[in-house]
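Colleague:
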Amino acid sequence: MTENETRTNRVGRHLPTSGGLKKTLRLAREQGLEAVQIFVSNPQGWAVSAPRPDAETFAGGAREIGLSPLVVHAKYLINLAAPNPEHRERSARALAAELVAAGALGAGVVVVHSGSHGGDGEKVGEERLVEGIVRARELAAEDGAAEPAEPVIENSVGAGTQLCSTFDSLARVAERAGVCVCVDTAHAYVAGYDLGTPEGAREVAAELRERLGDRIALLHLNSPRNSLGSHRDGHERIGEGYVPVEAWTNFFGGLPGLPLVMETPYATPEVDAEQVRLVKELAGGLPLSPGGV
Ligand SMILES: [Zn+2]
Ligand SMILES: [Zn+2]
Numbered sequence: 070m071t072e073n074e075t076r077t078n079r080v081g082r083h084l085p086t087s088g089g090l091k092k093t094l095r096l097a098r099e100q101g102l103e104a105v106q107i108f109v110s111n112p113q114g115w116a117v118s119a120p121r122p123d124a125e126t127f128a129g130g131a132r133e134i135g136l137s138p139l140v141v142h143a144k145y146l147i148n149l150a151a152p153n154p155e156h157r158e159r160s161a162r163a164l165a166a167e168l169v170a171a172g173a174l175g176a177g178v179v180v181v182h183s184g185s186h187g188g189d190g191e192k193v194g195e196e197r198l199v200e201g202i203v204r205a206r207e208l209a210a211e212d213g214a215a216e217p218a219e220p221v222i223e224n225s226v227g228a229g230t231q232l233c234s235t236f237d238s239l240a241r242v243a244e245r246a247g248v249c250v251c252v253d254t255a256h257a258y259v260a261g262y263d264l265g266t267p268e269g270a271r272e273v274a275a276e277l278r279e280r281l282g283d284r285i286a287l288l289h290l291n292s293p294r295n296s297l298g299s300h301r302d303g304h305e306r307i308g309e310g311y312v313p314v315e316a317w318t319n320f321f322g323g324l325p326g327l328p329l330v331m332e333t334p335y336a337t338p339e340v341d342a343e344q345v346r347l348v349k350e351l352a353g354g355l356p357l358s359p360g361g362v
């Protein structure tokens, strides 16, 4: 018996949509996933996501398999805190389109990066970020779509003028904008939160709980490729990188109920499925009922 005997963390992963959404659902089933994250548009370009004719089929299929949460990751180009007002407006519009497209797919949340203040300072940057989130939600509501998804803000690695690399900053922005957050474990580590030892992992989990608590919608579960405080992004598989498996066990134990969504490098289907099994085990065991795989 381990201390995490009853698993409460659902285990998910970012999946490609390149072969069509049907294939995405098949991959989810094959890998034993309980939650899934996808892009709804090219993350590197500004092109707005077109409505997908297979959206309802996907939403229904995901419900059938019991995938929850369904998460969309917004474009990387979005910077709601950018110094240039045109870039900010473009970002808010792009995010609004993703909230609408995600809603049509049955996804409840869209993860968006906190962005960069570009030299105008953290305070001004945070204000712009809050305004941008509010604006995107308004635009999505005006669109008349049935049920747009909710934006959630992701912590950064704190490179250059990036916002929200600390839990305090993330909490400030989320509270003011009235939204939840996504905490990327690799980003937190390279930003200076030492979850690389069992004791450190316990402390960081406690700090997260205390500072962000119910505002955390999900964790991006990635092992850091780069060292503590390096402010350099990079994702490794669980069991590799700077965080050992014993630390993960403590970390998950301190954050019961939070969905864990991996963005780790793809390998063969066998390795991918094994990675999911490992995380389920570290989080307290294989079955998760109801609807567990
Ligand atoms: Zn991200
Ligand atoms: Zn990352």
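Quick note on the working numbering: the sequence shown kicks off at 70 and runs consecutively.
For every residue, glycine included, the Cβ atom is placed at its ideal position computed from N, Cα and C.
(1) Out of curiosity, what's the CA-to-CA distance linking T75 and G353?
(2) Does the separation of the CB atoms of Y435 and P293 fall below 7 Å?
(3) Between which two residues does the alpha helix (DSSP H) containing D341 stretch?
(4) For the segment 133 to 203, which segments carrying the alpha helix (DSSP H) assignment without a break, of at least 4 residues, lie completely within its bounds, in sequence order?
(5) Quick one: using the 10 Å Cβ neighbour count with 16 as the cut-off for buried, is R132 buried or exposed?
(6) Report all residues from its chain with a CB closer than 7 Å to the CB of G187; omit the five preceding and five following residues, and keep chain order.
(7) Cβ atoms of S183 and C233: under 7 Å apart, would you say?
(8) Could you compute how far the alpha carbon of E195 sits from the alpha carbon of V242?
(9) For E309, which three-state DSSP category applies?
(10) Would the segment 204 to 218 and the segment 276 to 286 be scored as touching if the rule is three or more Cβ pairs under 8 Å?
(11) Measuring CB to CB, does Q344 end up less than 7 Å from R301?
(12) Sorted by chain position, which residues of the same chain lie with C-beta nearer than 8 Å to L146's C-beta, five sequence neighbours on each side aside?
(13) From the DSSP secondary-structure annotation, give me the bridge partner or partners of S403.
(14) How would you call P122, buried or exposed, if buried means at least 16 neighbouring beta carbons within 10 angstroms?
(15) Going by the beta-carbon positions, is the gap between V117 and V141 smaller than 7 Å?
(16) Are the CB atoms of V169 and L329 within a distance shorter than 7 Å?
(17) Quick test of your reading: V273 and L264, contact by CB under 8 Å. State the CB separation rounded to the nearest angstrom.
(18) Where does P138 land, buried or exposed, given buried means 16+ other C-beta within 10 angstroms?
(19) Assuming contact is defined by CB atoms lying nearer than 7 Å, are V215 and G177 in contact in what I supplied?
(20) Which partner residues of G81 appear in the DSSP bridge assignment?
(21) Ligand 1 and E343: does the residue's C-beta get closer than 6 Å to at least one heavy atom of that ligand?
(22) Looking only at DSSP bridge pairs, what is E219 linked to?
(23) Quick one: what does DSSP say D253 is sitting in, helix, strand or coil?
(24) Exposed or buried, which one is L351 when buried takes at least 16 other CB atoms within 10 Å?
(25) In chain order, what residues of the same chain lie with their CB nearer than 7 Å to the CB of N295, ignoring the 5 residues before and after it?
(26) Per DSSP, which one or two residues make a beta bridge with R287?
Modeller: If we stick to the structure as given:
(1) For T75 and G353, the distance between alpha carbons rounds to 6 Å.
(2) Beyond the ends of the chain as shown, which are 70 and 362, falls residue 435; an answer cannot be given.
(3) Per DSSP, D341 belongs to the alpha helix (DSSP H) from P338 to L351.
(4) Entirely contained in the segment 133 to 203, the alpha helix (DSSP H) runs reaching 4 residues are, in chain order, 154 to 173.
(5) Within a 10 Å sphere around the beta-carbon of R132 sit fewer than 16 other beta-carbons, which makes this residue exposed.
(6) Counting only Cβ-Cβ distances below 7 Å, and skipping sequence neighbours, we find A151, P152 and T230.
(7) With contacts defined as CB atoms closer than 7 Å, C233 and S183 qualify as a contacting pair.
(8) For E195 and V242, the distance between alpha carbons rounds to 6 Å.
(9) It is a strand residue.
(10) A contact is defined here as three or more CB-CB pairs under 8 Å, and the segment 204 to 218 fails this definition with respect to the segment 276 to 286.
(11) In this structure, R301 does not lie closer than 7 Å to Q344 by Cβ.
(12) Only P112, Q113, G114, W115, S160 and A163 meet the Cβ criterion.
(13) Past the boundaries of the shown model lies residue 403; the chain is included only from 70 to 362, so the question cannot be answered.
(14) When all chains shown are included, P122 counts as exposed.
(15) No.
(16) Between L329 and V169, the CB-CB gap reaches or exceeds 7 Å.
(17) Confirmed, about 4 Å.
(18) When all chains shown are included, P138 counts as buried.
(19) Here residue 215 turns out to be Ala, not Val, going by the sequence shown. A distance of 7 Å or more separates the beta carbons of A215 and G177.
(20) According to DSSP, which records beta bridges pairwise, G81 is partnered with A104 and V330.
(21) Every heavy atom of ligand 1 is 6 Å or more from the Cβ of E343, so no.
(22) According to DSSP, which records beta bridges pairwise, E219 is partnered with V178.
(23) Assigned with DSSP and collapsed to three states, D253 falls in strand.
(24) Buried, because 16 or more other Cβ atoms sit within 10 Å of the Cβ of L351.
(25) Result list for N295: V259, R301 and G303, in chain order.
(26) Inspection of the sequence shows that residue 287 is occupied by Leu rather than by Arg. Looking at the DSSP assignment, L287 forms a beta bridge with C251.
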